[in-house]
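The structure under discussion appears below in the form of structure tokens.
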Amino acid sequence: MNETKIVKWGNSQGIRIPKKMLKEIGIDNPDNQKVKMEVNKQKNEIFIKKEGHESRLMKKYGYLMDQPKDGEVDWGHDVGNEIIP
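All residue numbers for the sequence shown refer to this note's numbering, where the first residue is 1 and numbers rise by one.
Written as structure tokens, this is what we have:
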């Protein structure tokens, strides 16, 4: 288990995390890396998890990954040359 200290950082508190430990969870460049934090009050523990990277494609079209609609879709009446003889 690695140990570190909580230190005053301006008007806030900060924890320095060793570079080796960050590399173990796949953080090579920690600048602006988003993380999730969970607190377990009963055990006096704080968990820090690396937040997964979401691609621009998933951000834009991720909602399409929802469950497909069941049944047929009514597109309305034929308007042009849709009818194939």
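Even for Gly, the Cβ is constructed at its ideal location relative to N, Cα and C.
- DSSP places G52 outside both helix and strand once states are collapsed to three, so it counts as coil.
- Distance between K23 and E72, taken at the CA atoms: about 50 angstroms.
- In this structure I48 is in contact with V35, their Cβ atoms being roughly 5 angstroms apart against a cut-off of 8 angstroms.
- Taking C-alpha positions only, P18 is separated from K60 by approximately 35 angstroms.
- Proximity to G26 across N11, G52, I6, I46 peaks at G52, based on C-alpha coordinates.
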